[in-house]
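This report concerns only the one structure given below.
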Amino acid sequence: MSSAIKELSLSAKRGSLTLPEIDRKVKLLHARQRLALSKALGSPPKVENIPRGFWKRVEDEERKELYNTMLAAALIVFSPSLGRLQRHFNVQIPPDQFTRSLQDLVRSRTDWAADRIVNTSRRRMRNFLGRVQDAEGTDADYGDVMTADLARDIWDERRDEMVVRNESVASWTAGNRAVGRIARRNGFEVQDVWVLGNCDHCSICPMLAGTTVDFWGLFSPGPPLHVGCCCGVDMVIGSKEELLDRRIIHERYTANEVYAEMDRLGFELAPLAESLRR
Ligand SMILES: [Zn+2]
Ligand SMILES: [Zn+2]
């Protein structure tokens, strides 16, 4: 185990990385980025003032910070699931295998999330600059006001909270999926079952609930399926046939029915990396 993982694993065991802490880390990061963007835009703010490579640096920083934070959050889930698996099969699986799998899953998610987050910021920035331009020739005062506007228009609290919620759900998914994946690689029959969250959800989440990764993986790399989705993935021990018999899992819908529902709601399929489906 690398020392970074060991440290994260210890902090996860102590339960020191709680939701409010993830929240604080993400908010600090975005406050820093907001300040940097405000400085880069200059006064009056102009998109041409932004130096080359600025957004690349923002994206790199976002990816790195999200990765560290999510990995720590995923370890909270990972430890008990791993313990459950080892007790059930009475085996000891080298922890390195799990951490590598977990790192892969978290890395795929954070690469995707950082790209999405930065693109949204850029789009919001263009809207913001459009409004600034409209205000030109009026009494609009740049400077102090701009930072406040940037905060409101590009990185408001609600957006931070949404990112924290989504990425927390994604970390829990990664933690449980890492255990399921390695269990299967070691020859144990374990299923990654989609569990419906106790929150407002769309009409698709209930169609995926109770299915295994070979079905829900056609539509999503795992919860969250959409903004505000609080579904999860649970590692369930047993063969598919046995779990179907016991009605712990089901195959109630066809893939085409789910696709049709996604189409009706205008859902954009998340890009599914082949490695995430397995
Ligand atoms: Zn939903
Ligand atoms: Zn959901």
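When you line the sequence shown up against our numbering, it's residues 62 to 339, in that order.
Cβ atoms here follow ideal geometry from the backbone N, Cα and C, with glycine treated the same way.
Residues near residue i by beta carbon distance below 7 Å, same chain, minus five either side
i: Glu68; result: Because the pLDDT of Glu68 is 46, which lies under 50, any placement of that residue in the model is unreliable, and the number read from its coordinates should be weighed accordingly. If we look at Glu68 and ignore the five residues flanking it on each side, it has no Cβ neighbours.
i: Ile66; result: Because Ile66 sits at a pLDDT of 45, beneath the cut-off of 50, its placement in the model cannot be relied upon, and the point is left open.
i: Tyr314; result: Met268
i: Arg124; result: Thr171, Asp172 and Ala175
i: Leu127; result: Thr171, Ala174, Ala175 and Glu228
i: Cys290; result: Val230, Gly258, His262, Cys266 and Pro284
i: Arg185; result: Asp214 and Ile215
i: Val119; result: Gln94 and Val179
i: Val108; result: Leu190
i: Glu218; result: none
i: Leu304; result: Gln252, Val297 and Ile310
i: His91; result: Trp216 and Asp221
i: Trp116; result: Val179 and Arg183
Residue i: CB within 7 Å of a non-hydrogen atom of ligand 1
i: Ile137; result: no
i: Ile265; result: yes
i: Leu279; result: no
i: His311; result: no
i: His262; result: yes
i: Leu286; result: yes
Coarse secondary structure for residue i, derived from DSSP in three states
i: Ser72; result: With a pLDDT of 45 at Ser72, under the threshold of 50, the modelled position of that residue is not reliable, and no figure is offered here.
i: Val152; result: coil
i: Arg339; result: In this prediction, Arg339 scores a pLDDT of 44, lower than 50, which makes its location untrustworthy; the coordinate-derived value is nonetheless stated afterwards. Three-state result, Arg339: coil.
i: Met62; result: Residue placement at Met62 cannot be trusted, given a pLDDT of 42 that sits under 50; the coordinates are not used to answer.
CB-CB length for residue i against residue j, believed under 8 Å
i: Trp255; j: Val294; result: 6 Å
i: Met296; j: Ser182; result: Their Cβ separation, rounded to whole angstroms, is 35 Å, which puts Met296 and Ser182 out of contact at 8 Å.
i: Ile310; j: Val251; result: Ile310 to Val251, Cβ: 12 Å. No contact.
i: Gly248; j: Val138; result: That pair is no contact at about 23 Å.
i: Ile154; j: Phe189; result: Going by Cβ atoms, the distance from Ile154 to Phe189 rounds to 50 Å, so no, they are not a contact pair.
i: Leu132; j: Val167; result: 5 Å
i: Thr130; j: Lys100; result: So it is not a contact: roughly 25 Å between Cβ atoms.
i: Leu211; j: Leu89; result: The pair is not a contact, with the Cβ atoms about 16 Å apart (cut-off 8 Å).
i: Glu302; j: Phe276; result: 15 Å between Cβ atoms; not a contact.
CB contact below 8 Å: residue i versus chain B
i: Phe276; result: No chain B appears in this structure, which consists of one protein chain only.
Residue i CB to nearest heavy atom of ligand 2 below 7 Å
i: Leu90; result: no
i: Gly258; result: yes
i: Pro282; result: no
Cutoff 8 Å; reference residue i; Cβ partners in own chain excluding five residues on either side
i: Gly327; result: none
i: Cys292; result: Val230, Trp255, Val256, Leu257, Gly258, His262, Cys266, Leu269, Ala270, Pro284, Pro285 and Leu286
i: Ala135; result: Leu163, Leu166, Val167, Ser232, Trp233, Ala235, Gly236 and Ala239
i: Asp84; result: Asp221, Glu222 and Val225
i: Glu318; result: Met268
Nonlocal neighbours in the same chain, by C-beta distance under 6 Å from residue i, ignoring five residues either side
i: Gly103; result: Asn110
i: Ser162; result: Ala239, Arg242 and Ile243
i: Ala316; result: Leu279
i: Asp253; result: Arg238, Gly241, Val274 and Val294
i: Gln158; result: Ile243
i: Thr272; result: Trp255
i: Val152; result: none
- Task: Go through the segment 215-252 residue by residue and report every complete run of the alpha helix (DSSP H) that reaches 4 residues or more, in order.
- Result: 218-246
- Uninterrupted beta strand (DSSP E) stretches inside the segment 265-319 (no shorter than 3 residues): 293-298
- Message: Quick check for students: name the residue ranges of the alpha helix (DSSP H) that lie wholly in the segment 114-173, counting only runs of 4 or more.
- Response: 115-150
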